[in-house]
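What follows is a set of notes on a single structure, which appears directly below.
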Amino acid sequence: NAGVTQTPKFQVLKTGQSMTLQCAQDMNHNSMYWYRQDPGMGLRLIYYSASEGTTDKGEVPNGYNVSRLNKREFSLRLESAAPSQTSVYFCASSEDGGLGYEQFFGPGTRLTVL
Amino acid sequence: AQSVSQHNHHVILSEAASLELGCNYSYGGTVNLFWYVQYPGQHLQLLLKYFSGDPLVKGIKGFEAEFIKSKFSFNLRKPSVQWSDTAEYFCAVNALGDDKIIFGKGTRLHILP
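Chains A and B are the protein sequences, given in the same order.
For the first sequence, position 67 (counting from the first letter as 1) is numbered 67 according to the working numbering, and the numbering increases by one without interruption.
For the second sequence, position 38 (counting from the first letter as 1) is numbered 152 according to the working numbering, and the numbering increases by one without interruption.
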């Protein structure tokens, strides 16, 4: 099992460009999450999907959109990138977030917006 | 709303020293508690978790944590640290029934050889 995979690993964008971060899990998990990690700020939840067909905003959703394409895949889209979105982005999945199961994390995407 | 506070942002210890990292959360109901570790350049991995039962939980690599409900605390401990424990440690809380986990801001641990 690959666990949680993310693409790309690195990306550089110019202000105003758009891009989609891809995430897939092969553990048949119901819940999936997108976080951003910034120095001194810990992990902040951007969006999550408790189950296939549902998505909800987290702590810092502005400037982002998500799509739960199917049970395996959960993508994060930046429509018009801004320098404030320079960060490391982690995708995670959980068997059932509502029951408190642990989250499994992907390797991350390091995004720089110039 | 839930929140998690980690008291130390940066801790420096020598090898073989004992470790205790503080974590407090704010939520009045039933919680599930976690400690995650992030080694340099890697993603987060679960170190240990508390769901119910014995408040002293043991995790991987000799780590343990104690849940003290009256103090809303879940401190992480290790009797003797190693250089390989150099990493960032995150405490996290999940309110039972909530789909989300709330993470603390993390503690960077640096072990001197």
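Here a beta-carbon is modelled for each residue, glycine too, at the ideal position from N, C-alpha and C.
These figures come from a predicted structure and were not determined experimentally.
Local Cβ density within 10 Å of residue i, reported as buried at 16 or more and exposed below that
i: residue 68 of chain A; result: buried
i: residue 153 of chain B; result: exposed
i: residue 206 of chain B; result: buried
i: residue 126 of chain B; result: exposed
i: residue 118 of chain B; result: buried
i: residue 181 of chain B; result: buried
i: residue 171 of chain B; result: buried
i: residue 134 of chain B; result: exposed
i: residue 220 of chain B; result: buried
i: residue 2 of chain A; result: exposed
i: residue 84 of chain A; result: exposed
i: residue 62 of chain A; result: exposed
i: residue 199 of chain B; result: buried
i: residue 202 of chain B; result: buried
i: residue 103 of chain A; result: buried
i: residue 96 of chain A; result: exposed
i: residue 56 of chain A; result: exposed
i: residue 163 of chain B; result: buried
i: residue 197 of chain B; result: exposed
i: residue 144 of chain B; result: exposed
Bridge partner(s) assigned by DSSP for residue i
i: residue 56 of chain A; result: A:48
i: residue 20 of chain A; result: A:77
i: residue 27 of chain A; result: The partner list for residue 27 of chain A (beta bridge, DSSP) is empty, contrary to what the question assumes.
i: residue 186 of chain B; result: For residue 186 of chain B, which the question treats as bridged, DSSP gives no partner whatsoever.
i: residue 13 of chain A; result: A:113
i: residue 214 of chain B; result: DSSP, once it has assigned bridges, lists no residue as partnering residue 214 of chain B.
i: residue 219 of chain B; result: In the DSSP output, where bridge partners are listed per residue, residue 219 of chain B has none listed.
i: residue 38 of chain A; result: A:42
i: residue 180 of chain B; result: B:170 and B:189
i: residue 148 of chain B; result: B:163 and B:206
Whole-number beta carbon distance between residue j and residue i, since they are thought to touch under 8 angstroms
i: residue 94 of chain A; j: residue 29 of chain A; result: 6 angstroms
i: residue 15 of chain A; j: residue 81 of chain A; result: 6 angstroms
i: residue 77 of chain A; j: residue 18 of chain A; result: 7 angstroms
i: residue 42 of chain A; j: residue 173 of chain B; result: Incorrect: roughly 20 angstroms between the Cβ atoms, too far for contact.
i: residue 228 of chain B; j: residue 120 of chain B; result: What the structure shows of chain B is the stretch from 115 to 227, and residue 228 of chain B is not part of that stretch, so it cannot be assessed.
i: residue 193 of chain B; j: residue 132 of chain B; result: 5 angstroms
i: residue 65 of chain A; j: residue 52 of chain A; result: Wrong, their Cβ atoms sit about 17 angstroms apart, outside the cutoff.
i: residue 37 of chain A; j: residue 87 of chain A; result: 6 angstroms
Select from the segment 47-74 of chain A all residues with a C-beta closer than 8 angstroms to any C-beta belonging to chain B, and list them in chain order.
48, 50, 56 and 58
Should the segment 171-185 of chain B be called in touch with the segment 117-131 of chain B, which here means at least 3 C-beta pairs below 8 angstroms?
no
Within 7 angstroms of chain B by C-beta, residues of the segment 13-33 of chain A in sequence order
31
For the segment 91-106 of chain A, enumerate the residues whose C-beta is nearer than 9 angstroms to any C-beta of chain B, in chain order.
92, 94, 96, 97, 98, 99, 100, 101, 102, 103, 104, 105 and 106
Can you give me, in chain order, the residues of the segment 121-133 of chain B that have a beta carbon less than 9 angstroms from any beta carbon in chain A?
123
Please name the residues in the segment 158-184 of chain B whose beta-carbon is closer than 8 angstroms to at least one beta-carbon of chain A, in chain order.
158, 159, 160, 163 and 165
Interfacial residues, the segment 204-217 of chain B to chain A, with Cβ spacing under 9 angstroms
204, 206, 208, 209, 210, 211, 212, 213, 214, 215, 216 and 217
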